[in-house]
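Participant: The numbering of the sequence shown is this note's numbering, which starts it at 1 and goes up by one.
Every residue gets a Cβ at the ideal spot worked out from N, C-alpha and C, and that includes glycine.
Shown below is the structure under consideration.
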Amino acid sequence: MSCSEKTTVDPLLKDLDEKKESFRRNVVSLASELKQVRGRLVSQEQSFLKETQSRKEAEKRGKNLEMEMCKLQKRLEERNCQLEASASAAQKFIKELEEIRSQLNATKQTAEASAGSVQSTEVQCSMLKKQLDDKTRSLQEHEDRVTQLGHQLDNLQRDLGLRECSEKQLKEELTRIEREITEAIAKAGIGSTDCTLQKLLKDVSPMNFERMNRLVEVKDEEITKLKDEIRLMSGHWKHKTKELESQLEKQRRTDQDLKKKVLKLEFCLQETRSQTRKLQRKGERRDMEIKEIRDLMSGKQQRNEESWERQKFWDNSGFKIVVSMSMLMLVVVSKR
1 MSCSEKTTVD PLLKDLDEKK ESFRRNVVSL ASELKQVRGR LVSQEQSFLK ETQSRKEAEK
61 RGKNLEMEMC KLQKRLEERN CQLEASASAA QKFIKELEEI RSQLNATKQT AEASAGSVQS
121 TEVQCSMLKK QLDDKTRSLQ EHEDRVTQLG HQLDNLQRDL GLRECSEKQL KEELTRIERE
181 ITEAIAKAGI GSTDCTLQKL LKDVSPMNFE RMNRLVEVKD EEITKLKDEI RLMSGHWKHK
241 TKELESQLEK QRRTDQDLKK KVLKLEFCLQ ETRSQTRKLQ RKGERRDMEI KEIRDLMSGK
301 QQRNEESWER QKFWDNSGFK IVVSMSMLML VVVSKR
């Protein structure tokens, strides 16, 4: 019984041992497979965590990029508003510059007209000065003639006085001679012959007196005629001198008026020149400001274009790589 049992038990034990060993092998293989699966699971979990972190980082980057896009869009809108304002300001400056140029042209025309009027007034002044010099020369000649006539009148009056004195002296001499002759005859007591001599003396003396009176009357008439002529000439020359003095005064007044006009025109010309210089300076300043504004506008446009090119980040390779990686991660996660 024991031997038979031993014989029957040995194969069973062998089978059992074999089964144990196979089970052990299976358990060991399963444990190793389990370890491998656990390692794979850990690695997959780590990769999943890395993928989730990278996905979160990608989402953060996407949000940051969206925020940056919004900020850049706002900046772009602000830059556009600034460009529009600068463009409107440039248009205003251009309009003001055109107005200044039109004012400059008008002032140039007025300056040219005032310069022409100044030249014409200067020509008129020179002509009036020539006329005034001629009038003063003629007035001086008339004054010289009047003085000569006055001297002649004084000489005639002096001659007239001398003649009157000589006539008085002659009359006195004649009367004295007659008286002496009559006294001498009366003292001598001469007769009839002497009476004839007295008659001759009586006849001659009135004849001499008559002749002398006639000559004196003729001379007096000549002197009166000369006096009348001198009076007429003096009155005529006085009238002419008064007329010339009045004309001279008028010419002086006109000369003064023309000088005042010339001074006013010169002052206006200086003011127009100063205004033209100021307008030219303003125009140059406005041109410089417009050039600066245009340069600023061109620089801003270039910067906006560069910023717009930078804003097109989806065309960059980095953005494409990030998007592709995030898509792969999403695909892997969805498969799991």
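Distance check for L12 and N26, CA to CA, integer angstroms please.
Facilitator: In a straight line, the C-alpha of N26 is about 20 Å away from that of L12.
Participant: Using only the alpha-carbon positions, how far apart do S234 and D134 sit?
Facilitator: Each residue's Cα considered, the two are about 22 Å apart.
Participant: Going by Cα to Cα distance, which pick from A115, K219 and K240 is closest to L265?
Facilitator: Checked all of A115, K219 and K240; the closest Cα to L265 is A115.
Participant: Can you give, in chain order, each stretch of the alpha helix (DSSP H) that sits fully within the stretch 124-173 and has at least 4 residues?
Facilitator: Counting whole runs of 4 or more residues, the stretch 124-173 contains no alpha helix (DSSP H) stretch at all.
Participant: Would you call L162 buried or exposed, if buried means 16 or more other Cβ atoms sit within 10 Å of its Cβ?
Facilitator: So L162 ends up on the exposed side.
Participant: Here's the rule: buried if 16 or more other CB atoms are within 10 angstroms of the residue's CB, otherwise exposed. What is L263?
Facilitator: Exposed.
Participant: Under 9 Å, do Q256 and L132 count as touching if we go by C-beta distance?
Facilitator: Not a contact, by the Cβ cut-off of 9 Å.
Participant: Would K227 pass as a contact of L149 if the rule is Cβ separation under 9 Å?
Facilitator: Going by C-beta atoms, K227 is not nearer than 9 Å to L149.
Participant: Assign D17 to one of three DSSP states: helix, strand, or coil.
Facilitator: Three-state DSSP puts D17 in a helix.
Participant: Would you report the Cα separation of V118 and T254, rounded to the nearest angstrom?
Facilitator: Cα-Cα distance, rounded: 16 Å.
Participant: Taking all protein chains shown into account, decide if T52 is buried (16 or more other Cβ within 10 angstroms of its Cβ) or exposed.
Facilitator: Exposed, by the Cβ-count rule.
Participant: Inspect the beta-carbon positions of L338 and L248 and report whether they are closer than 9 Å.
Facilitator: With the chain covering only 1 through 336, there is no way to say anything about residue 338.
Participant: Given this structure, state the Cα-to-Cα distance separating L41 from M67, to the nearest angstrom.
Facilitator: Taking the straight line from one Cα to the other gives about 37 Å.
Participant: Can you give me the C-alpha to C-alpha distance between D10 and K19, rounded to a whole angstrom?
Facilitator: Spanning the two alpha carbons is a distance of roughly 14 Å.
Participant: So, Q151 versus K240, is the Cβ gap smaller than 9 Å?
Facilitator: Contrary to the premise, residue 151 reads as His rather than Gln in this sequence. No, the Cβ-Cβ distance between H151 and K240 is not below 9 Å.
Participant: Can you give the beta carbon distance from L269 to Q103, rounded, assuming they're within the 8 Å contact cut?
Facilitator: Actually they do not touch by this definition, with Cβ atoms about 17 Å apart.
Participant: With 16 other CB atoms within 10 Å as the buried threshold, where does T272 fall?
Facilitator: That one is buried.
Participant: In the structure shown, what three-state DSSP assignment does K240 receive?
Facilitator: Three-state result, K240: helix.
Participant: Do the CB positions of L83 and Q302 come within less than 9 Å of each other?
Facilitator: No; because the gap between Cβ atoms is not below 9 Å, this pair is not in contact.
Participant: Classify T107 as buried or exposed, calling it buried when 16 or more other Cβ atoms lie within 10 Å of its own Cβ.
Facilitator: Answer is buried; the Cβ neighbour count reaches 16.
Participant: Buried or exposed, going by whether 16 or more other CB atoms sit within 10 Å of the CB of L244?
Facilitator: Buried.
Participant: Contact defined as beta carbons within less than 8 Å: I believe Q286 pairs with E57. What is the distance between those atoms, to the nearest angstrom?
Facilitator: For the sequence presented, residue 286 should be read as Arg rather than Gln. About 55 Å; that fails the 8 Å criterion.
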